[in-house]
Structures are given as structure tokens and as C-alpha cells.
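Following: one structure in C-alpha cells, then a few remarks.
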Amino acid sequence: MCRNIVPLHNFEPAATDDECHDAALQFVRKISGMTKPAKVNQAAFDRAVEEIAHATRHLLDDLVSPTPPKNREEEAAKRQARSADRYEALRAFQEQKKAARAAS
């Protein structure tokens, strides 16, 4: 699944309608394979985003969790740390690859 789609359930404060829309937009972009649809497809694209955002809002409203809500800032910091680790590992790999090419 797309890394830009983040969990929205069990947060304090609860997910906003804008966050549901943004997640729906990312989902539709991913499954359609297009970030900006042609004019002929725009209505279908927009309708899909709105329907998925609506379903997402209902899902989040109906879900129940036995655990206390998570803190948004703490979870965002964890996501940023994981991302930094991934990019650092990628950077280190690219440097090793470059060094190996230079050595040969």
C-alpha cells in the first residue's frame, strides 16, 4: 500500500474529514495509476474519491478500540524516524555502490 496513506484510527483528536479525503485521494491515485486524470475521467475520479472518503469516515466512526487513543505528534515522530532510517540506509547503499564502481 502507498506509504502516504497513514493509519487514521484511534487518534486523539480524531481524524478530520480532510484527512479522510486525503487518504481516499491517495488510494484512488494508487489504484488508478494516475495522479491527475484526463478531463474525460475527472468526474469518475472525483466521484470515487468522495465515495471512498465517505466510506472511510463511516468506518472510522464505527470502529471501537480497547486501547487508549494514540498521540498524533508521537506517531508522526515515529513515522519520521522510520523514514529517516530508510533514507539513511539507501544513502549508505548508494555510497557503497559508488565506491565499488570507483574501485573497479
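Residue numbers (my numbering): 898 to 1001. Here a beta-carbon is modelled for each residue, glycine too, at the ideal position from N, C-alpha and C. For clarity, every value in this text was computed on a predicted model and none was experimentally measured.
Handout entry: ALA999: first and last residue of the uninterrupted alpha helix (DSSP H) it sits in
Key = Counting along the chain, the unbroken alpha helix (DSSP H) around ALA999 starts and ends at 969 to 1000.
Exercise for the section: With a cut-off of 8 Å on the beta carbons, I'd call ARG954 and ASP914 a contact; round off their distance for me. Expected result: 6 Å
Practice task
Compute the distance between the beta-carbons of CYS917 and ALA950, then report whether it is under 8 Å.
Solution key: Judged by beta-carbon spacing, ALA950 lies within the 8 Å limit of CYS917, meaning their Cβ atoms are closer than that value.
Practice task
For the alpha helix (DSSP H) holding ILE949, just list the boundary residues, first then last.
Solution key: 936 to 959
Practice task
Provide the residue(s) that pair with VAL908 in DSSP beta bridges, ordered along the chain.
Solution key: Looking at the sequence shown, residue 908 is not Val but Phe. LYS967.
Practice task
State the start and end residues of the unbroken alpha helix (DSSP H) segment that holds SER962.
Solution key: In the DSSP annotation of this structure, SER962 is not part of any alpha helix (DSSP H), being labelled neither H nor E.
Problem - Of the residues ARG926, ALA911 and PRO910, the one placed nearest ILE902, counting alpha carbons only - result: Nearest neighbour of ILE902 by Cα position, chosen from ARG926, ALA911 and PRO910, turns out to be ARG926.
Problem - Bounding residues of the alpha helix (DSSP H) (the contiguous stretch that carries ILE928) - result: 914 to 929
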